[in-house]
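Here is the structure we will look at, set down as structure tokens.
In the working numbering, the protein residues as written are 23 to 277.
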């Protein structure tokens, strides 16, 4: 039986410094049956020139938007043209381990799952290891996801049927909002691969800035997207803030 096609989606914006490493980590996958849709969101640096270096590879479909729309629009544009049974996501500054797709698809087949994610490693701007993040402490339910976003986008593979009537919304924390929308389905079959299969790049600016803004974005998702009551929103918001502190202080379990 032929291996299922995976559509790998990468939005890119002003990522010339890192995008080649990210692209090569996808092209070097041990799993071979994938298409790679890279959407340049009208970068003003050399990002698209970097991407064009790889367009001779038949798996690469490079798209350049004529104006900047944001990461949600870029991902949605790719999803619309994706032909795979499964869709996987990676950002232009992140890295996949070579066996990432292979390992996850094997788990999904064994577990009959429609949605998979994995542990991951954090690296700094120079690619140096910071720490490994073990997500096995979280039971993958809608209620637990409301307490904290434990789904790293760069590790997700999802059956495309789950995206038919859903999309990344043009809001902040658009990935979190989409995972919540998917997890609302009580019949969702989810599996975690308990291995670090990707590297998430930390940037100094993101470590200290936007915490207040981020809190507001989460609150807006509770109220505007999930339509939670005021009391439920407060309850989950407190939990989210507590988990946020432990994440940023290294409180998540190390592998």
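Glycine included, C-beta positions come from ideal geometry on N, C-alpha and C.
In chain order, what residues of the same chain lie with their CB nearer than 8 Å to the CB of residue 147, ignoring the 5 residues before and after it? The count along the chain shown starts at 1 and reaches residue 147 at position 125. Contacts found: 223, 224, 225 and 226.
Quick check on residue 126: buried or exposed, where buried means 16 or more other Cβ atoms within 10 Å of its Cβ? To locate residue 126, count along the chain shown from 1; it is residue 104. With 16 or more Cβ atoms within 10 Å of its Cβ, residue 126 is classed as buried.
Assuming contact is defined by CB atoms lying nearer than 8 Å, are residue 138 and residue 179 in contact in what I supplied? As a position in the chain shown, residue 138 is number 116, starting the count at 1. As a position in the chain shown, residue 179 is number 157, starting the count at 1. Yes, the Cβ-Cβ distance between residue 138 and residue 179 is below 8 Å.
How should residue 61 be labelled, buried or exposed, when 16 other C-beta atoms within 10 angstroms of its C-beta is the threshold for buried? Along the chain shown, read from residue 1 onward, the residue named residue 61 stands at position 39. With 16 or more Cβ atoms within 10 Å of its Cβ, residue 61 is classed as buried.
Would you report the Cα separation of residue 77 and residue 45, rounded to the nearest angstrom? Indexing the chain shown from 1 puts residue 77 at position 55. Indexing the chain shown from 1 puts residue 45 at position 23. So the alpha carbons of these two residues sit roughly 11 Å apart.
Residue 56 and residue 123 - do their beta-carbons sit closer together than 8 Å? As a working mapping, residue 123 is identified with position 101 in the chain shown. As a working mapping, residue 56 is identified with position 34 in the chain shown. A contact, by the Cβ cut-off of 8 Å.
Identify the residues that DSSP records as bridge partners of residue 117: which are they? On the chain shown, residue 117 is found 95 positions in, with the first residue counted as 1. According to DSSP, which records beta bridges pairwise, residue 117 is partnered with 221.
Apart from the five residues on each side of it in sequence, which residues of its chain come closer than 7 Å, Cβ to Cβ, to residue 208? Translated into the one-based positions of the chain shown, residue 208 becomes position 186. So no residue of the chain qualifies.
Using CA atoms only, rank isn't needed, just tell me which of 261, 174 and 28 is closest to residue 49. Residue 49 sits at position 27 when you count from the first residue of the chain shown. For the residues 261, 174 and 28, the minimum Cα distance to residue 49 belongs to 28.
Determine the direct distance from the alpha carbon of residue 73 to that of residue 79, and round the result to whole angstroms. As a working note, residue 79 is residue 57 in the chain shown. As a working note, residue 73 is residue 51 in the chain shown. Going from the Cα of residue 79 to the Cα of residue 73 covers about 11 Å.
Assign residue 221 to one of two classes, buried (16 or more other C-beta atoms within 10 Å of its C-beta) or exposed (fewer than that). Working through the chain shown from its first residue, we reach residue 221 at position 199. When all chains shown are included, residue 221 counts as buried.
Going by the DSSP bridge assignment, what does residue 212 pair with across the sheet? Walking along the chain shown from the start, residue 212 turns up at place 190. DSSP output for residue 212 lists 137 as bridge partner(s).
May I have a chain-ordered list of the alpha helix (DSSP H) segments no shorter than 4 residues that lie completely inside the stretch 135-191? 164-169
With residue 161 and residue 92 assumed to form a contact (beta carbons below 8 Å), what rounded beta-carbon distance in angstroms separates them? For this step, residue 161 is matched to residue 139 along the chain shown. For this step, residue 92 is matched to residue 70 along the chain shown. In fact, because the Cβ distance is near 32 Å, the residues do not count as touching under 8 Å.
Helix, strand or coil for residue 79, going by three-state DSSP, please let me know. Within the chain shown, numbered from 1, the residue matching residue 79 stands at position 57. The answer is coil: DSSP assigns residue 79 none of H, G, I, E or B.
Considering only their Cβ atoms, is the gap separating residue 135 from residue 31 smaller than 8 Å? Reading the chain shown from its first residue, position 9 is the one you call residue 31. Reading the chain shown from its first residue, position 113 is the one you call residue 135. Against a cut-off of 8 Å, the Cβ pair of residue 135 and residue 31 comes out as no contact.
Can you say whether residue 264 is buried or exposed, counting buried as having 16 or more other CB atoms within 10 angstroms of its CB? Here residue 264 is taken as the residue at index 242 of the chain shown, counted from 1. The residue is exposed, with fewer than 16 neighbouring Cβ atoms inside 10 Å.
Could you tell me the alpha carbon to alpha carbon distance between residue 149 and residue 43, rounded to whole angstroms? Residue 149 sits at position 127 when you count from the first residue of the chain shown. Residue 43 sits at position 21 when you count from the first residue of the chain shown. If you take the alpha carbons of residue 149 and residue 43, they lie about 10 Å apart.
Where are the beta strand (DSSP E) runs, 3 residues long or more, that stay fully inside the stretch 39-118, in chain order? 56-62, 82-86 and 108-111
With distances taken from CA atoms, which of 155, 141, 256 and 175 is nearest residue 195? Counting from 1 along the chain shown, the entry for residue 195 is found at position 173. Comparing Cα-Cα distances from residue 195 to each of 155, 141, 256 and 175, the minimum goes to 175.
Give the secondary structure of residue 230 by DSSP, where H, G and I count as helix, E and B as strand, and everything else as coil. For this step, residue 230 is matched to residue 208 along the chain shown. Legend: pLDDT at residue 230 = 46, less than 50; position of this residue unreliable, no value from coordinates given.
Using only the alpha-carbon positions, how far apart do residue 64 and residue 58 sit? Numbered from its first residue, the chain shown carries residue 64 at position 42. Numbered from its first residue, the chain shown carries residue 58 at position 36. When rounded, the distance between both Cα atoms is 18 Å.
State the start and end residues of the unbroken beta strand (DSSP E) segment that holds residue 193. Translated into positions along the chain shown, residue 193 becomes position 171. Where residue 193 is concerned, there is no enclosing beta strand (DSSP E), given that its DSSP letter is neither H nor E.
Here's a check: name, in chain order, each residue in its chain whose Cβ is nearer than 8 Å to the Cβ of residue 98, leaving out the five neighbours to either side. The sequence position of residue 98 within the chain shown is 76, counting from 1. Around residue 98: 189 and 190.
Under 8 Å between C-beta atoms of residue 241 and residue 261: If you number the chain shown from 1, residue 241 lands on position 219. If you number the chain shown from 1, residue 261 lands on position 239. Going by C-beta atoms, residue 241 is not nearer than 8 Å to residue 261.
Start and end of the beta strand (DSSP E) containing residue 29? Your numbering for residue 29 matches position 7 in the chain shown. Run containing residue 29: 28-34, per the beta strand (DSSP E) assignment.
Among residues of its own chain, excluding the 5 on either side of residue 119, which ones have a beta-carbon nearer than 6 Å to its beta-carbon? Counted from its first residue, the chain shown places residue 119 at position 97. Hits under 6 Å: 219.
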